[in-house]
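Below is one structure, written out as structure tokens, with a few remarks after it.
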Ligand SMILES: [Zn+2]
């Protein structure tokens with residue numbers, strides 16, 4: 002007999018932040034449904050297509066090419082100070098300045114993930130990075146992203162400044178401030194529990210908490 006489940010655990014991450022199997026199935030279904038809805042025609046010749054492999058591929062009825070669901074890579078990075086004691090977060094203009102999070106952006110055509118991280122952080126927060134390392138990923142099918150989470154160390158803390166458009170403020174937070182904000186006691190709001198942004202913040206926080 003399976004162990005009793007916590008209320009609401011079907012659509013939540015587990016305590017260690019990993020996705021439950023039901024959540025994985027839901028995300029997979031959303032991703033596939035999005036592709037089936039948005040890409041009914043052949044991207045090569047515009048012809049009609051027929052579904053194959055139970056909907057996991059489409060074959061063009063005109064040119065015969067087979068097509069598969071696409072995923073757009075995006076990076077998200079937690080930037081720490083050189084001594085590892087502070088974390089740089091940004092306030093996105095869409096959040097009205099009430100919430101701070103890690104920096105993120107889409108990978109451009111022909112770009113490596115590493116290049117995306119360096120470009121996005123320099124654009125959004127004005128800083129250069131070193132000691133970049135991959136941490137974890139999270140599928141985000143809205144509509145078809147895969148978030149690849151990194152951590153990195155800043156070169157020059159004093160250089161941090163917002164781009165003024167997408168990011169309206171950047172701020173260095175102490176470990177105590179992050180701990181208190183994770184507990185919902187301020188000074189700022191942080192991303193929700195199901196997000197990889199929060200997992201990256203937790204990863205940094207718990208290292209020396
Ligand atoms: Zn075609």
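Numbering (our numbering), first residue to last: 2 to 210. No residue lacks a Cβ here, since even glycine has one placed at the ideal position from N, Cα and C.
{"Item": "Straight-line Cα distance separating residue 134 from residue 2", "Value": "Low confidence applies to residue 2: its pLDDT is 37, below 50, so where it sits in the model is not reliable, and the reading given next is rough at best. Roughly 41 Å between the two C-alpha positions."}
{"Item": "CA-to-CA distance, residue 175 to residue 130, given in whole angstroms", "Value": "19 Å"}
{"Item": "Candidates 78, 112, 169, 138, of which the one nearest residue 132 by Cα", "Value": "78"}
{"Item": "The segment 162–176 in contact with the segment 54–67 per 3-pair CB rule at 8 Å", "Value": "no"}
{"Item": "Cα-Cα separation, residue 10 to residue 28", "Value": "Confidence in residue 10 is poor, its pLDDT being 32 and thus under 50, which makes the residue's placement too unreliable to answer from."}
{"Item": "Residues with C-beta closer than 6 Å to any heavy atom of ligand 1, in chain order", "Value": "43, 45, 46, 48, 61, 63, 64, 66"}
{"Item": "Helix, strand or coil at residue 71 [DSSP, three-state]", "Value": "coil"}
{"Item": "Reduced DSSP category for residue 81 - H, G, I as helix; E, B as strand; rest coil", "Value": "strand"}
{"Item": "Short Cβ contact (8 Å threshold) for residue 155 with residue 80", "Value": "yes"}
{"Item": "Span of the beta strand (DSSP E) around residue 51", "Value": "50–53"}
{"Item": "Where residue 150 sits in the DSSP three-state scheme", "Value": "strand"}
{"Item": "With 16 other Cβ atoms within 10 Å as the buried cut-off, status of residue 199", "Value": "buried"}
{"Item": "Within 8 Å, strictly: CB atoms of residue 89 and residue 126", "Value": "yes"}
{"Item": "Rounded C-alpha distance that separates residue 152 from residue 210", "Value": "17 Å"}
{"Item": "Contact check, residue 204 vs residue 136, beta carbons under 8 Å", "Value": "yes"}
{"Item": "Residue 121, buried or exposed, once every other Cβ within 10 Å from all chains shown has been counted against 16", "Value": "buried"}
{"Item": "Residue 101 (DSSP reduced to helix, strand or coil)", "Value": "coil"}
{"Item": "Rounded distance between the beta-carbons of residue 33 and residue 70, thought under 8 Å", "Value": "6 Å"}
{"Item": "Own chain, CB closer than 6 Å to residue 182, minus 5 neighbours either side, in chain order", "Value": "189, 191"}
{"Item": "Beta-carbon contacts of residue 172 that lie in its chain and below 7 Å, excluding the five residues immediately before and after", "Value": "90, 101"}
{"Item": "Closest Cα partner of residue 53 within the set 44, 47, 65", "Value": "65"}
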